[in-house]
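Participant:
There are 2 protein chains.
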Amino acid sequence: MQVAERAGVSLASTSRALHGTGASSKMVDRVRAAAAELGYSPDAIGRSLRMKRTFQVAFAVADIGNPVYVEMLTAIHEVLAPHGYRVVVMSTGHTVGSTVDLVRSLGSGFVDGLIVSPLRTDDALVEAIRQAPVPVVVIGRSLEQQGIDSVSTDSAAGLGHAVAHLVEIGRRRIGFVNGPLDTTPGAARQRGFDAATSGPDFAGDHAETERADDFTVAAGLAAARRLLSRTPAAGPFDAVVAANDLLAIGVIRAARELGLSVPGDLAVTGMDDTEIGRVFQPSLTSVSLGSAERGTAAARLVLDRVDDVAEPAQQIAIGPRLFVRESTAKEMSAR
Amino acid sequence: MQVAERAGVSLASTSRALHGTGASSKMVDRVRAAAAELGYSPDAIGRSLRMKRTFQVAFAVADIGNPVYVEMLTAIHEVLAPHGYRVVVMSTGHTVGSTVDLVRSLGSGFVDGLIVSPLRTDDALVEAIRQAPVPVVVIGRSLEQQGIDSVSTDSAAGLGHAVAHLVEIGRRRIGFVNGPLDTTPGAARQRGFDAATSGPDFAGDHAETERADDFTVAAGLAAARRLLSRTPAAGPFDAVVAANDLLAIGVIRAARELGLSVPGDLAVTGMDDTEIGRVFQPSLTSVSLGSAERGTAAARLVLDRVDDVAEPAQQIAIGPRLFVRESTAKEMSAR
DNA sequence: CCCATCACCGGAAACGTTTCCAGTGATCGC
DNA sequence: GCGATCACTGGAAACGTTTCCGGTGATGGG
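Protein sequence lines, in the order shown, are assigned to chains A and B.
Taking numbering that gives the first Met the number 0, the leading residue of the first sequence gets 0, the next gets one more, and so forth.
Taking numbering that gives the first Met the number 0, the leading residue of the second sequence gets 0, the next gets one more, and so forth.
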């Protein structure tokens, strides 16, 4: 190494001087000076090879463009960067199989840990995660019984909050626009809606689900058209719960097409509390699932695991919170 | 290495067999089988150390949450992943100094290339980029004379398109809500607006700029309130050009506060053609600066540079394109 | 049948760092 | 003044891979 020669000392001393332990101050000065003159910075690869640390953590999701994941990514980056960790973004692909491949690829040791939010889960994936050679934290479903670190949120309960709020402001005939049921979030939200609208606690008159092909505005628009074209015996819908903010915007579009005012004729709620919903007109009442908090918690957890090795797997839950905005204002049209 | 032992061959043969060159088919089968049994995948660090390739590219921006950068990131990832490259996200920080630090940190060799979109640029940064030990591609300003690879867009011309469109639909008194002037985009857009509204080609009656503190909805709202509270001698504003989509949404909010209809009383244009603008009500006429295309081009360029070493620096320009939507529909209110 | 060519394999070096281990010089206490 | 302790330094090994180089066996041509 050039710095050692230049400073006239051994490689060992150079390393100690730069790393800061067990070197005399004279030595430190000398090496620092030489390093500064040469514009030297230690090679990350050599260092990684020796230390068995890459100082990198991967974050993997199906779709990096999704605002929810962007928020997580930002939060994760904010936690990890000050600790000297870099963030590698990866794609899980849309199938369970490709996610399993991703987890297996951790064997090549290019990261010290993984934070992953799989759209779909199965036993093979759980097994792969448990076998993984580096710590893996799952954002999404709680995997308690499986002994896997996870950061989850109770989106089913979140749906309950939305329904309760709508009932409280006097809505009685509530539609639900959900996304695909074969995704983890889709399934959970359906459970939440069904639980909230069945049973004796539900004070409304009617509840009905329509499924969109996708969690997008366009799919929400199409689904809402179908839903709103029907009129239940109890009377026309006066509220729609959407499984995410983009779907909710699609619902509002459909309402406008049909000449319904929001929130006058139709109150609409979203989920995820995204920027896009906050700035929309009308601004969107939405259930926050704490994307940023989940990212932060996952990042902290993975940091813990990278240092301390084996503790019992931890399941962190972030409570959903309802943010009431214009799209569910109290006043109702007389109809 | 365990695989070599298991297969009963040398490390060298193992490597050749897995890498695929100069090994007999019998050897390949044997090694593959052993590798499969052991679930072996080659260590990325050891490989990197030897090959002097990390198979990683960094993407650095000030704010990963910005939709424009998210689009770029997605595009970059899509180009790089099939070539076996990983994407590391980094933050430039908000000052030139921290960006320079970032570029210098490339010396530790943790990536094979960098794609960076600096908010602000100065000579020190240009110098640092030129000295960088790995290829650097700049997204943003064209740095032709500096001999630096860059992918740029002519946002000044884009502003011209917006103004021309507004004039064409009969608007005459045009306001401009810009962001901070000390950023590269802010300065370029100001130049564009000034060029488009001065000189004999401008068929409007009045042009005036108001500056927002930031490229956000809130800042746009505040700036638009200030702008619209003034009434030029030529008459009230009938159009506002905003320097990006978020500012434009702020402008629409301000207009609504003041009882102005959009586009009836006031036509509004944005810039960046973001999802948020597309789904807004009214949907936003916006100048696309081709974020995804720029990301794609930058990623391709960095791939070229990683393989072929030295070619003359390249400057790629992506032309801006205007997408006309509801916020600048033709009909005007009679006033 | 012998020599030259060729395909293939194993040994070993190299990449750049950290850390263990031993050794040297100095300092301190007795 | 001498021995022991101590702070510090240098040598060397190790991390896991790729690739150069030399060698060996087979094959083909003369």
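Where a beta carbon is used, it is the ideal one built from N, C-alpha and C, also for glycine.
The structure displayed is predicted, hence computed values, not measured ones.
Quick one, which of B:Gln313, B:Asp100, B:Ala253, B:Gly318 has its alpha-carbon nearest glutamate 143 of chain B's?
Facilitator: Of the candidates B:Gln313, B:Asp100, B:Ala253, B:Gly318, the one whose C-alpha sits nearest the C-alpha of glutamate 143 of chain B is B:Gln313.
Participant: Using a C-beta to C-beta distance shorter than 9 Å, which residues of chain A count as neighbours of valine 323 of chain B?
Facilitator: The premise fails here: valine 323 of chain B is roughly 19 Å from chain A at the closest Cβ pair, so nothing lies under 9 Å.
Participant: Along chain A, which residues have their Cβ under 8 Å away from the Cβ of valine 176 of chain B?
Facilitator: Neighbours of valine 176 of chain B on chain A: none; closest Cβ ~15 Å, over 8 Å.
Participant: Could you pull out every residue in the same chain whose Cβ sits closer than 6 Å to the Cβ of tyrosine 39 of chain B, ignoring the five residues on either side in sequence?
Facilitator: Around tyrosine 39 of chain B: Val2.
Participant: Under the rule that 16 or more other beta-carbon atoms within 10 Å means buried, what is serine 12 of chain B, buried or exposed?
Facilitator: Its Cβ being crowded by 16 or more others within 10 Å, serine 12 of chain B is buried.
Participant: Can you check the stretch 25–85 of chain A for any alpha helix (DSSP H) of at least 4 residues that lies completely inside it and give the ranges in chain order?
Facilitator: Whole alpha helix (DSSP H) segments, 4+ residues: 43–50, 66–79.
Participant: Spell out a yes or no on whether the stretch 123–133 of chain B and the stretch 313–324 of chain B are touching, meaning 3 or more CB-CB pairs, one atom from each, closer than 8 Å.
Facilitator: With the cut-off at 8 Å, the stretch 123–133 of chain B and the stretch 313–324 of chain B do not touch.
Participant: Between the Cα of alanine 254 of chain B and the Cα atoms of B:Asp237, B:Ile275, B:Thr91, B:Gly191, which residue gives the shortest distance?
Facilitator: Closest option to alanine 254 of chain B, Cα to Cα, is B:Asp237.
Participant: Which two residues bound the contiguous alpha helix (DSSP H) that contains alanine 291 of chain A?
Facilitator: Here the alpha helix (DSSP H) through alanine 291 of chain A covers 290–306.
Participant: Could you please give the first and the last residue of the uninterrupted alpha helix (DSSP H) stretch that includes serine 287 of chain B?
Facilitator: No alpha helix (DSSP H) contains serine 287 of chain B, which is instead part of the beta strand (DSSP E) from 284–287.
Participant: Tell me which residue opens and which closes the alpha helix (DSSP H) that histidine 18 of chain A is part of.
Facilitator: Histidine 18 of chain A -> alpha helix (DSSP H) spans 10–18.
Participant: Using CA coordinates, which residue listed in A:Ile168, A:Pro179, A:Ala296, A:Asp244 is at the minimum distance from valine 278 of chain A?
Facilitator: Of the candidates A:Ile168, A:Pro179, A:Ala296, A:Asp244, the one whose C-alpha sits nearest the C-alpha of valine 278 of chain A is A:Asp244.
Participant: If you drop the 5 nearest sequence neighbours on each side, which residues of the same chain put their C-beta closer than 6 Å to that of lysine 329 of chain B?
Facilitator: Here the set comprises Ile168.
Participant: Report yes or no: is there a C-beta of chain A within less than 9 Å of the C-beta of phenylalanine 201 of chain B?
Facilitator: Closer than 9 Å: no.
Participant: Could you check if glutamate 310 of chain B is buried or exposed, using at least 16 other CB atoms within 10 Å of its CB as the buried criterion?
Facilitator: With fewer than 16 other Cβ atoms within 10 Å, it is exposed.
Participant: Under the rule that 16 or more other beta-carbon atoms within 10 Å means buried, what is histidine 93 of chain B, buried or exposed?
Facilitator: So histidine 93 of chain B counts as exposed.
Participant: Could you name the residues of chain B that aspartate 42 of chain A contacts, counting a contact when the two beta carbons are closer than 7 Å?
Facilitator: Chain B residues near aspartate 42 of chain A: Ser107, Gly108.
Participant: Quick one: which chain B residues come within Cβ less than 8 Å of glutamine 280 of chain A?
Facilitator: Near glutamine 280 of chain A (Cβ distances below 8 Å), the residues of chain B are Ile251, Arg252, Arg255, Phe279, Gln280.
Participant: Mark proline 66 of chain B as exposed unless 16 or more other C-beta atoms lie within 10 angstroms of its C-beta, in which case mark it buried.
Facilitator: Buried, by the Cβ-count rule.
Participant: Can you tell me which of the three DSSP states glutamate 209 of chain A falls into?
Facilitator: Reduced to three states, the DSSP call for glutamate 209 of chain A is strand.
Participant: Can you find the residues in the same chain that come closer than 6 Å, C-beta to C-beta, to isoleucine 251 of chain A, ignoring five residues on each side of it along the sequence?
Facilitator: These residues qualify, in order along the chain: Val261, Val267.
Participant: Give me whichever residues DSSP pairs with leucine 180 of chain B in a beta bridge.
Facilitator: BP columns for leucine 180 of chain B are empty, so no partner.
Participant: Within a Cβ cutoff of 6 Å, which residues of the same chain sit near glutamate 209 of chain B, ignoring the five residues on either side of it in sequence?
Facilitator: The answer, listed in chain order, is Val176, Ala222, Arg225, Leu226.
Participant: Are the Cβ atoms of glycine 159 of chain B and alanine 194 of chain B separated by less than 9 Å?
Facilitator: Contact: yes.
Participant: Can you tell which of B:Ala33, B:Pro132, B:Val69, B:Gly289 has the C-alpha that lies nearest to the C-alpha of leucine 101 of chain B?
Facilitator: Ranking B:Ala33, B:Pro132, B:Val69, B:Gly289 by Cα distance to leucine 101 of chain B puts B:Pro132 first.
Participant: Given methionine 89 of chain B, which residues of its chain have a CB within under 8 Å of its CB, disregarding the five upstream and five downstream residues?
Facilitator: Here the set comprises Ala57, Phe58, Ala59, Leu101.
Participant: Would you identify the three-state DSSP class for serine 149 of chain A, choosing helix, strand or coil?
Facilitator: Three-state result, serine 149 of chain A: strand.
Participant: Sorted by chain position, which residues of the same chain lie with C-beta nearer than 6 Å to glutamate 292 of chain B's C-beta, five sequence neighbours on each side aside?
Facilitator: Closer than 6 Å at Cβ, skipping near neighbours: Ile317.
Participant: With 16 as the cutoff for other CB atoms within 10 Å, does proline 117 of chain A come out buried or exposed?
Facilitator: Proline 117 of chain A is buried by the Cβ-count criterion.
Participant: Please determine, among B:Val27, B:Gly276, B:Asp200, the residue with the shortest C-alpha to C-alpha distance to serine 287 of chain B.
Facilitator: Of the candidates B:Val27, B:Gly276, B:Asp200, the one whose C-alpha sits nearest the C-alpha of serine 287 of chain B is B:Gly276.
Participant: 9 Å is my cut-off, CB to CB: does alanine 211 of chain B come that close to chain A?
Facilitator: Alanine 211 of chain B does not count as touching chain A.
Participant: Which of helix, strand or coil does DSSP assign to serine 90 of chain A?
Facilitator: In the structure shown, serine 90 of chain A sits in a strand (DSSP, three-state: E or B).
Participant: Does the beta carbon of valine 88 of chain B come closer than 9 Å to any beta carbon on chain A?
Facilitator: It does: the Cβ of valine 88 of chain B has a partner Cβ on chain A nearer than 9 Å.
Participant: Identify the contact partners of alanine 80 of chain A in chain B, using a Cβ-Cβ distance below 7 Å as the criterion.
Facilitator: By Cβ distance, chain B contributes Ser90.
Participant: For the beta strand (DSSP E) holding leucine 105 of chain A, just list the boundary residues, first then last.
Facilitator: Element bounds for leucine 105 of chain A: n/a, residue is neither H nor E.
Participant: Can a CB atom of chain B be found closer than 9 Å to the CB of glutamine 55 of chain A?
Facilitator: Output row for glutamine 55 of chain A: interface = yes.
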